[in-house]
Amino acid sequence: MSPTAQSPDPDPDPDAPRFRVRPPANWINDPNGPFRWRGRHHLFYQHNPDAPSHANVHWGHVSSPDLVRWEHHPIALAPTPGGPDEAGCWSGCVVDDDGVPTAVYTGVDRHHTGLGTICLARAADPDDDALAEWKPSPTPVVTGPPAGLDVVMFRDPFVFRYGGRRWALVGAGHADGTPSVLLYDCDDLADWRFAGVLVDGTGPVAAEAFGDQAVGWECPQMYATAGGDWVLAVSLWDGDPCATGYLTGRLRPDGQGGLRFEARTGGRLDHGRDFYAPAVLQEADRTLMWGWSWEARGRGEVERAGWAGVLTAPRVVDVHPDGALRVVPAPELELLRAAEPFVTEPGRAAPGRVPLPEAYDLTVTARGLTTVGLLRSASGARLTVRLDPDEGTVTLDRGDWPRTPGTGDRGAGPIVVRAPGREVRVLVDG
281 MSPTAQSPDP
291 DPDPDAPRFR
301 VRPPANWIND
311 PNGPFRWRGR
321 HHLFYQHNPD
331 APSHANVHWG
341 HVSSPDLVRW
351 EHHPIALAPT
361 PGGPDEAGCW
371 SGCVVDDDGV
381 PTAVYTGVDR
391 HHTGLGTICL
401 ARAADPDDDA
411 LAEWKPSPTP
421 VVTGPPAGLD
431 VVMFRDPFVF
441 RYGGRRWALV
451 GAGHADGTPS
461 VLLYDCDDLA
471 DWRFAGVLVD
481 GTGPVAAEAF
491 GDQAVGWECP
501 QMYATAGGDW
511 VLAVSLWDGD
521 PCATGYLTGR
531 LRPDGQGGLR
541 FEARTGGRLD
551 HGRDFYAPAV
561 LQEADRTLMW
571 GWSWEARGRG
581 EVERAGWAGV
591 LTAPRVVDVH
601 PDGALRVVPA
611 PELELLRAAE
621 PFVTEPGRAA
631 PGRVPLPEAY
641 DLTVTARGLT
651 TVGLLRSASG
661 ARLTVRLDPD
671 EGTVTLDRGD
681 WPRTPGTGDR
691 GAGPIVVRAP
701 GREVRVLVDG
């Protein structure tokens, strides 16, 4: 077990995260536009700079040389009075457009009814390593959803490359309750062409993997694997954030100027409701992913604390040969570890109480049924993780925890046991 080696967070709130990305105060939700530029990782996020509530949406901005030490920069995108984003700069991505970092994002105007526009903003000075200033275009490149599809939800563009061209995904929902991902040809970022529905919730693989609860798919993301498969990640929206899912399959030309995605398997990307809107960055040798997480706190407690939400620690995502998702913490997180780990073995635990830091990295090897207590309240309530390699389950038991009284929320989820022993890593932050 390794405590984080960074200096203590000055925030006296014991629940405040110490090493994950969040603004100094107020609201954060979706991660946006992870992007590598001149040796630094840049990460943007949905942010209300005025209150710990979802409103007045801007793009916050941090960057890091190593994925663990993050520097805060000035707000990158802010609503433009009278512009297509005057009611909010919602989620999107960042791409390199001929040497100029360019944000592709959802603009929401004062007449917002669930339908966004697609807007661009360019780095004012590409030679500035901090990318501190961004200039939005005055008009959107896509003013709304394509006609004839009864689209009632339209947002969250994601740009990727396939076959030497640039393409974009947009999350959508239709009037009949069907969620979908729309495809655009955007090789020229100033000229977008609708290229069809890439995939929707009526497909057999998607229906089996996700069920029929979602009425829209938000924040679509796509990346290629070394084996030739493509992974599509979507956030399932049922009127509120519901869950995240993935589909693995093949991406091919459809013969009509578009692309076809042939899904072969899929599933939930994470268990529980509090991992949402993941954003990916495909690098030469790996794909990184961040998500948005939130707290089980009442409105009054949030207001008193003055902050809400956090981004997850970065993950490296890949697929197993059978198409199932493989997820591991980014190796850079080990830079947070102290020089000397604290090791315990059965029967050799240190006598008395063992003081723990507010953030630590715990590795548990479970060869049989194992229960680990992560937190204990003053009243004796415990937050535990139960590992059962024989059953193939990991259970987060928070039914007795004070923040979730009477819910019985145990959050069981299957794992695939691939060895006689099972090593599980738990990151505790705050």
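Count along the sequence shown from 1, add 280, and you get the number used in the working numbering. Don't be surprised by glycine CBs; every beta carbon is placed ideally from N, CA and C.
- The segment 436-450 makes contact with the segment 483-501, as at least three CB pairs between them are under 8 Å.
- Collapsing the DSSP output to three states places Leu667 in a strand.
- Assigned with DSSP and collapsed to three states, Leu605 falls in strand.
- Restricting attention to Leu516, Val607 and Leu655, the CA atom closest to the CA of Met433 is found in Leu516.
- For Thr528, the pairing in a beta bridge is given by DSSP as Val511 and Thr545.
- Cβ contact annotation for Ala523 (same chain, cutoff 7 Å, sequence separation greater than five): Leu516, Arg548 and Arg553, in chain order.
- Sorting Thr545, Pro609 and Glu542 by C-alpha distance to the C-alpha of Gly571 places Pro609 at the top.
- Here Leu649 is exposed: its Cβ has fewer than 16 other Cβ atoms, across all protein chains shown, within 10 Å.
- Take the alpha-carbon of Asp467 and the one of Val374: they are about 14 Å apart.
- By DSSP's assignment, His341 forms a beta bridge with Phe324.
- Exposure of Ala658 is indicated by the presence of fewer than 16 other C-beta atoms within 10 angstroms of its C-beta.
- By the beta-carbon neighbour count (other beta carbons within 10 angstroms, threshold 16), Arg544 is exposed.
- Exclusion of the five residues before and after Ala604 leaves Thr528, Thr545, Gly547 and Val696 as the residues of its chain whose Cβ lies within less than 8 Å of its Cβ.
- Boundaries for Phe555: no alpha helix (DSSP H) harbours it, and the DSSP string shows neither H nor E there.
- By the criterion of a C-beta distance shorter than 7 Å, Gly396 is surrounded in its chain by Trp370, Thr386, Gly387, Val388, Phe434 and Arg435, once the five residues flanking it on both sides are discounted.
- Gly580: member of the alpha helix (DSSP H) spanning Arg579 to Ala585, first to last residue.
- Three or more beta-carbon pairs separated by less than 8 Å are not found between the segment 661-672 and the segment 609-619, which leaves the two stretches without contact.
- Its Cα nearest to that of Asp293, the residue Ala588 stands out among Ser343, Ala588, Tyr442 and Arg702.
- By the Cβ-count criterion, Asp310 is buried, with 16 or more other Cβ atoms from all chains shown falling within 10 Å of its own Cβ.
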